[in-house]
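Trainee: Chains A and B are the protein sequences, given in the same order. Heads up, the first sequence is in full-length UniProt numbering, so the first residue is 1 and it goes up one at a time. Heads up, the second sequence is in full-length UniProt numbering, so the first residue is 1 and it goes up one at a time.
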Amino acid sequence: MREVEIEKEEQRIKRKIEEKKREEQQKAKESSTTSIASTISTSTSLSSSSLSEKKRRWDMETPTIEDTKSSSEWSRTDDETSSVSKSRWDETPRTTDDEMDTPRKRSRWDVTPQVSTKKSRWDETPTHPTVQMGATPVGNLGLLTPTPGHLVPMTPEAQRWEKDLDARNRPLSDEELDAMFPPTGYKILEPPAGYVPIRTPARKLMATPTPMAADGFVMLEEDRNQTYDLPAEIPGVGNLPFFKQEDMQHFGKLLDDKDESELSVEELKERKIMRLLLKIKNGTPPMRKTALRQITDKARDFGAGPLFNQILPLLMSQNLEDQERHLLVKVIDRILYKLDALVRPYVHKILVVIEPLLIDEDYFARCEGREIISNLSKAAGLPTMIATMRPDIDHVDEYVRNTTARAFSVVASAHGIPALLPFLKAVCKSKKSWQARHTGIKIVQQIAILMGCAVLPHLKNLVEAIAHGLEDEQQKVRTITALAIAALAEAAAPYGIESFDSVLKPLWTGIRKHRGKGLAAFLKAIGYIIPLMDAEYANYYTKEVMIILIREFQSPDEEMKKIVLKVVKQCAATDGVQPQYIKEEILPEFFKNFWVRRMALDRRNYRQVVETTVELAQKVGVTEIVGRIVEDLKDESEPYRKMVMETVEKVVSQLGAADIDTRLEEVLIDGILYAFQEQTVEDIVMLNGFGTVVNALGLRVKPYLQQITSTILWRLNNKSAKVRQQAADLISRIAVVMKTCGEEKLMGHLGVVLYEYLGEEYPEVLGSILGGLKSIVNVIGMSSMTPPIKDLLPRLTPILKNRHEKVQESCIDLVGRIADRGAEFVSAREWMRICFELLDMLKAHKKGIRRATVNTFGYIAKAIGPQDVLATLLNNLKVQERQNRVCTTVAIAIVAETCAPFTVLPALMNEYRVPELNVQNGVLKSLSFLFEYIGEMGKDYIYAVTPLLEDALMDRDLVHRQTACTTVKHMSLGVFGLGCEDALLHLLNYVWPNIFETSPHVINAVMEAIEGLRVAIGPATVLQYTLQGLFHPARKVREIYWKIYNNLYIGAQDALIPYYPRIEDDERNNYERYELSMWL
Amino acid sequence: MTYTQYVSRSKKKTIKIVPICFVENIITQMDRFNLNSQLEHLQSKYVGTGHADTNKFEWMVNQHRDSYASYIGHHALISYFSVAQNESIARVKFEFVEKMLQPCGMPVPRDE
């Protein structure tokens, strides 16, 4: 009793401490935002108040016990952490002590997520979390658990969770404190005189640990009743998995406990709908299913009005999650289908709500919006849709017109373009207002974007409908027309040039008349039309437009730049344009205007320039392009160097390096080395570029390898982790080329250096170093590896303990490689040690790691014999964790496969005698995998395992029978045609009674077993079993027998013909197949 | 059974905590739903498949049609039949095709 009390007390103190920590953190934050004076006052008051409170707690009753206990905990923390860190970090014993700080913290988070250990951490770094982030910039990348530093809840889910946590950690009220403390022996202290509780809302926001993601100022909810007492059960709905604060707004009515008998029919209906909607939105899947069916069935009874009056506001609410929105869209879909024409009066209302979804930033929201509008237009019919949306076509608000155009394009895709075409033609020619014409043309554009190549049959009509817009008096209309034509041409590519005949002339004359935005649109249209033309025309028109393009190269407008680049790219890609022409006319101006430092600064320009240059290189060759930019690899602007490097990389990877002459090669390597060394931000682009160029040059890189290697070695020694990581990565990129150049000695040296760096403490870097080692081992082979394998492997064993995914994966890859190719270099004892380490790796989250581990077991077993490995694995079947067991069974099967089954089966079958569910199932599962892997080799083992399977198929446990059935399936498929029918028939007799199982997995396994047996022992036998129940009086029996029959029939339709039973004719019909009785 | 199935099964097992009275209801409902939906699809692909309400006549008609199709498909069989009946192969084939129309005579009225 007393202990319980003490424990409670301890818990509370811990909580208090945490609160204090949070306050401290807050304080740190506040100090940056608020004035110094106020900070001092609050901090002093905060600390003094918490101090006094703490004092009161500490001299509580039974201070001695409390003291010993707490002291043990408190004083432990520090030594504990150090000891923990030591033991964890003996995997990398070369860690220097001064740099142990940050990684230790991270690993602690992976292993012991305890409150007490967190404490010391916070005391060490009482700074803002982002600072800590900065110190270890790489740390969080691959980790599953996010570091606590940046726990900013992004989803409403997380926010709610945090709110919940706050609720439980809220300050204790006076009543609660009174209830807790004995009435005597305590004194309630007055707060210090200077203490003023925070009143200003902004500061309050900072003080309470609510998520900072909220945009702007938020008034916090004060009403505790609402916040903390959400109902778990809604009357008439039952238990919901969750009921959120936001739901109150819509479904609050259900909670007001009114007497149902007093309500009117309408109100009752409303409530009914509300309940169904709530069930659909928040319910469990079965609940949702029934509710959805009900609401669909009764849709016509409820009527469109009441339904949409509730669904639409719900759909509009701000904090709807994706899943909920999806469900509501589903509801609308279903009821639209039922309501059909009844929905007509509500079309506009629905559209108003749904149309904004069409321009949502979330892709899925757009899709769902489209789906609803499509269904709506099918239900309401085209005339209604046109009539409803027509007024919006020339709406004053651009936003409305935009959404209307998009909605119309969806209607067009639902009803087909021809149905809408007359209307479109009329709208595009509207004399009433330019807005109508604008919207009409925009509809065509959206149709092209939405339907893609499906516009082809109607292309001519569509183009003609909008063609006149190119010469409209209104600038905006001309622009949108050009854009619409561009969209149509893009959708039609590479067909349909003949449809654009009518617009070619206005387009090409247009580019001489327009300036600015209009010109950009026209150029865009031309850019998309040129690729459709055949070579001759393309060449002609390209030359026409190029004059304008080259003039616009100098345009300061960003949008124009992008379009010009795009058009150049499209023109260059067409067949008709000659390399000569590009070299002479385009390249000089192009490089003058676009290969400047400024272009590298904007992300989108950068990409466009690179793409266009690569496209030009396809025409004019590597040397022409690379020769022009290679000097810029030594430019002083880093982003620009990056742009050059990316272009070089893409060009070389696409076109090879055969074109590059000796001088250029020299300059190129020189430039690359410079750019690589001068990076301040380590970028994958540089790494890729380096790797690609070196690999493309191949043997020609030999003279430079010495220099490259010394660069790598220098950088491996760098202080910054990222630099080291990149250097190690580079080794794995160029290892193959080094081998090609015959630089084994250099590689051996690199191997030794990497080996020495295995003490690396940054996991990302360590992973890369292991990767580098692996690539070296791969190319120079086990026997000539330096350091020798027998030294290398023992160093890898402790690294296997590392919890970081990248390290684990590279390490297991390397170990597996050694086990595969060079197992003889290492003693059996070491391999056994590794086996034990590997068991832990089966827990990994990443599938690649688990797979590599399981394979490694196979290699090791092959190297040192299966007995010891198997014993280890069989022991592991006893563990609780499922994933671990499953992987173990796979490993056993692989061991059996690599070392021949007879070495493994006896021990495995013996293990089945252990009276433990998990173990037996594991054995069965191993057998199943085993027979799957060994295939027809299984014929020698069937008779051996049959008794075991008999037993399993008669077991009381479902999973036993299921797994045994799977085993039978694999076994029978493996031995088809090898004369094992007798054993299989025997097994079929044990499988057959299981056909009446109802659990889906079991019945599936049984069915598959029967299928497998059908293959192995022939359909005739199985048909004879099936005939017994096809016309059984009980429907349940017939159902399953027909199911088996159908499977049988589908699998062996023709083969069944001779085996159908002979049925005698009756007075009405003749059933005899008399042909079969013919005898010669 | 594949690995993923195995995993999904275990997930279901751990997550679903439904009162007993629900379980049976859900399973049968789900099963019926699946079985029927698949059956319809199956029947559209393979006419010869059956279901719990298939009667003797329907089953036999399918058997006969399958048999004739099989005879026609295996040349050895059809030449055997034609020798036995002293008819040309083409005629026997033609007769078989003709017989596929109503191989067992008039349909039996179904009792609902």
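C-beta: ideal position from N, C-alpha, C; glycine also. Quick caveat, the model's predicted, so the values are computed rather than measured.
Taking 7 angstroms as the threshold (beta carbon to beta carbon), is H51 (chain B) in contact with chain A?
Mentor: On the second sequence, residue 51 (chain B) is found 51 positions in, with the first residue counted as 1. By this cut-off, H51 (chain B) is an interface position.
Trainee: Can you find a CB in chain A that lies within less than 7 angstroms of the CB of A90 (chain B)?
Mentor: Counted from its first residue, the second sequence places residue 90 (chain B) at position 90. No - not a single Cβ of chain A is within 7 angstroms of the one on A90 (chain B).
Trainee: Where in the segment 616–695 of chain A do unbroken runs of the alpha helix (DSSP H), each at least 4 residues long, occur, reported from the N-terminal end onward?
Mentor: Entirely contained in the segment 616–695 of chain A, the alpha helix (DSSP H) runs reaching 4 residues are, in chain order, 622–629, 638–655 and 662–677.
Trainee: Taking only beta-carbon positions, decide if L1080 (chain A) is within less than 7 angstroms of chain B.
Mentor: As a first step, residue 1080 (chain A) must be located in the first sequence, where it is residue number 1080. Taking Cβ atoms only, chain B reaches closer than 7 angstroms to L1080 (chain A), which makes this a yes.
Trainee: The alpha helix (DSSP H) that contains E98 (chain B), what's its start and end?
Mentor: As a first step, residue 98 (chain B) is located in the second sequence; it is residue number 98 there, counting from the start. Taken as a continuous stretch (DSSP letters only), the alpha helix (DSSP H) holding E98 (chain B) covers I89 to K99.
Trainee: By how many angstroms is the C-alpha of V854 (chain A) removed from the C-alpha of T95 (chain A)?
Mentor: Working through the first sequence from its first residue, we reach residue 95 (chain A) at position 95. Working through the first sequence from its first residue, we reach residue 854 (chain A) at position 854. Model confidence at T95 (chain A) stands at a pLDDT of 38, short of 50, so the residue's coordinates are unreliable and nothing is read from them.
Trainee: Where does P345 (chain A) sit, in a helix, a strand or coil, going by DSSP?
Mentor: As a working note, residue 345 (chain A) is residue 345 in the first sequence. Three-state DSSP puts P345 (chain A) in a helix.
Trainee: On a Cα-Cα basis, can you pick out the residue from B:W59, B:S44, B:K45 and B:H41 that is closest to W1042 (chain A)?
Mentor: Counting from one through the first sequence, the residue named residue 1042 (chain A) turns up at place 1042. Out of B:W59, B:S44, B:K45 and B:H41, B:W59 has the C-alpha closest to the C-alpha of W1042 (chain A).
Trainee: Given a cut-off of 7 angstroms, decide if L873 (chain A) and A900 (chain A) are closer than it, judged by their beta-carbon atoms.
Mentor: For the purposes of this step, residue 900 (chain A) is identified with residue 900 of the first sequence, where counting begins at 1. For the purposes of this step, residue 873 (chain A) is identified with residue 873 of the first sequence, where counting begins at 1. Result no, Cβ atoms of A900 (chain A) and L873 (chain A) do not sit closer than 7 angstroms.
Trainee: Where does V108 (chain B) sit, in a helix, a strand or coil, going by DSSP?
Mentor: Looking up residue 108 (chain B) in the second sequence gives position 108. If DSSP states are grouped into helix, strand and coil, V108 (chain B) belongs with coil.
Trainee: Classify P506 (chain A): buried if its beta carbon has 16 or more other beta carbons within 10 angstroms, exposed otherwise.
Mentor: Counting from one through the first sequence, the residue named residue 506 (chain A) turns up at place 506. The residue is buried, with at least 16 neighbouring Cβ atoms inside 10 Å.
Trainee: Closest by CA to K524 (chain A), which one among A:C887, A:I563 and A:Y755?
Mentor: The count along the first sequence starts at 1 and reaches residue 524 (chain A) at position 524. Here the closest residue by C-alpha is A:I563.
Trainee: Just mark G656 (chain A) as buried or exposed, buried being the case when its beta carbon has 16 or more other beta carbons within 10 Å.
Mentor: To locate residue 656 (chain A), count along the first sequence from 1; it is residue 656. Label assigned to G656 (chain A): exposed.
Trainee: Can you list, in chain order, the residues of its chain whose CB lies under 6 angstroms from that of E19 (chain A), leaving out five sequence neighbours each side?
Mentor: Counting from one through the first sequence, the residue named residue 19 (chain A) turns up at place 19. Result list for E19 (chain A): empty, nothing under 6 angstroms.
Trainee: Taking only runs that begin and end inside the segment 960–1015 of chain A, name each unbroken alpha helix (DSSP H) of 4 or more residues, in chain order.
Mentor: Within the segment 960–1015 of chain A, the complete alpha helix (DSSP H) runs of at least 4 residues are 981–991.
Trainee: Going by Cα to Cα distance, which pick from A:M560, A:E916 and A:L793 is closest to C835 (chain A)?
Mentor: Along the first sequence, one-based indexing puts residue 835 (chain A) at 835. The option with the nearest alpha carbon to C835 (chain A) is A:L793.
Trainee: Cα separation between G865 (chain A) and V765 (chain A)?
Mentor: Here residue 865 (chain A) refers to the residue found at position 865 when the first sequence is read from its first residue. Here residue 765 (chain A) refers to the residue found at position 765 when the first sequence is read from its first residue. Spanning the two alpha carbons is a distance of roughly 35 angstroms.
Trainee: What is the DSSP secondary structure of H250 (chain A), reduced to helix, strand or coil?
Mentor: As a working note, residue 250 (chain A) is residue 250 in the first sequence. H250 (chain A) falls in the helix class under three-state DSSP.
Trainee: In chain order, what residues of the same chain have a beta carbon less than 8 angstroms from the beta carbon of K476 (chain A), not counting five sequence neighbours either side?
Mentor: Locating residue 476 (chain A) in the first sequence gives position 476, counting from the first residue. Closer than 8 angstroms at Cβ, skipping near neighbours: W434 and H438.
Trainee: Can the beta-carbon of residue 1112 (chain A) be found less than 7 angstroms from the beta-carbon of S768 (chain A)?
Mentor: Outside the displayed range of chain A (1 to 1080) lies residue 1112 (chain A), so it cannot be described from this structure.
Trainee: Taking only beta-carbon positions, decide if F94 (chain B) is within less than 7 angstroms of chain A.
Mentor: What you label residue 94 (chain B) is simply residue 94 of the second sequence in a count that begins at 1. So, not an interface residue.
Trainee: Would you say the beta carbon of I354 (chain A) comes nearer than 6 angstroms to a heavy atom of the ligand COA?
Mentor: As presented, the structure is devoid of all ligands, the ligand COA included, so that no description of it is given.
Trainee: So with CB distances below 8 angstroms, who are the chain A contacts of residue 115 (chain B)?
Mentor: Residue 115 (chain B) lies beyond the residue range present for chain B, which begins at 1 and ends at 112; the question has no answer from this structure.
Trainee: In chain order, what residues of the same chain lie with their CB nearer than 6 angstroms to the CB of Y1059 (chain A), ignoring the 5 residues before and after it?
Mentor: Along the first sequence, read from residue 1 onward, the residue named residue 1059 (chain A) stands at position 1059. Excluding residues within five positions, the ones whose Cβ falls inside 6 angstroms are A1020 and L1023.
Trainee: Closest Cβ-Cβ distance between E1039 (chain A) and chain B: below 7 angstroms?
Mentor: By one-based count along the first sequence, residue 1039 (chain A) stands at place 1039. Yes, its Cβ sits closer than 7 angstroms to a Cβ of chain B.
Trainee: Should I526 (chain A) and T574 (chain A) be called a contact, given that it needs their Cβ atoms to be closer than 7 angstroms?
Mentor: One-based indexing of the first sequence puts residue 526 (chain A) at position 526. One-based indexing of the first sequence puts residue 574 (chain A) at position 574. Not in contact: I526 (chain A) and T574 (chain A) (Cβ atoms no closer than 7 angstroms).
Trainee: Would you say S67 (chain B) lies against chain A (beta-carbon separation less than 7 angstroms)?
Mentor: Counting from 1 along the second sequence, the entry for residue 67 (chain B) is found at position 67. Taking Cβ atoms only, chain A reaches closer than 7 angstroms to S67 (chain B), which makes this a yes.
Trainee: Do you know how far the Cα of L1048 (chain A) is from the Cα of L532 (chain A)?
Mentor: On the first sequence, residue 532 (chain A) is found 532 positions in, with the first residue counted as 1. On the first sequence, residue 1048 (chain A) is found 1048 positions in, with the first residue counted as 1. Each residue's alpha carbon lies about 53 angstroms from the other.
Trainee: Just tell me which of A:L424, A:S430 and A:H468 has its CA closest to the CA of H458 (chain A).
Mentor: Here residue 458 (chain A) refers to the residue found at position 458 of the first sequence. Among A:L424, A:S430 and A:H468, the Cα nearest to that of H458 (chain A) belongs to A:L424.
Trainee: Does the CB of Q63 (chain B) have a neighbour CB from chain A at under 7 angstroms?
Mentor: Counting from 1 along the second sequence, the entry for residue 63 (chain B) is found at position 63. Interface residue, yes.
Trainee: Give me the Cα-Cα distance between L420 (chain A) and E464 (chain A), rounded to the nearest whole angstrom.
Mentor: Here residue 420 (chain A) is taken as the residue at index 420 of the first sequence, counted from 1. Here residue 464 (chain A) is taken as the residue at index 464 of the first sequence, counted from 1. Cα to Cα, the separation comes out at about 14 angstroms.
Trainee: Give me the Cα-Cα distance between L664 (chain A) and L633 (chain A), rounded to the nearest whole angstrom.
Mentor: The residue given as residue 664 (chain A) occupies position 664 in the first sequence. The residue given as residue 633 (chain A) occupies position 633 in the first sequence. Cα to Cα, L664 (chain A) sits roughly 13 angstroms from L633 (chain A).
Trainee: How many angstroms separate the CA atom of G979 (chain A) from the CA atom of L240 (chain A)?
Mentor: Residue mapping note: residue 979 (chain A) aligns to position 979 of the first sequence, counting from 1. Residue mapping note: residue 240 (chain A) aligns to position 240 of the first sequence, counting from 1. G979 (chain A) and L240 (chain A): Cα-Cα distance of roughly 58 angstroms.
Trainee: I'd like the span of the alpha helix (DSSP H) that includes L601 (chain A), first residue to last.
Mentor: Translated into positions along the first sequence, residue 601 (chain A) becomes position 601. Unbroken run through L601 (chain A): none, as it is neither H nor E.
Trainee: Please report the Cβ distance between A426 (chain A) and I393 (chain A), rounded to the nearest whole angstrom; I am assuming they are in contact, meaning their Cβ atoms lie under 8 angstroms.
Mentor: Counting from 1 along the first sequence, the entry for residue 426 (chain A) is found at position 426. Counting from 1 along the first sequence, the entry for residue 393 (chain A) is found at position 393. Actually they are not in contact, since the Cβ atoms of A426 (chain A) and I393 (chain A) sit about 11 angstroms apart, beyond 8 angstroms.
Trainee: Measuring only the C-alpha atoms, how far is E176 (chain A) from K14 (chain A)?
Mentor: On the first sequence, position 176 is the one that residue 176 (chain A) refers to. On the first sequence, position 14 is the one that residue 14 (chain A) refers to. Their Cα atoms are separated by approximately 18 angstroms.
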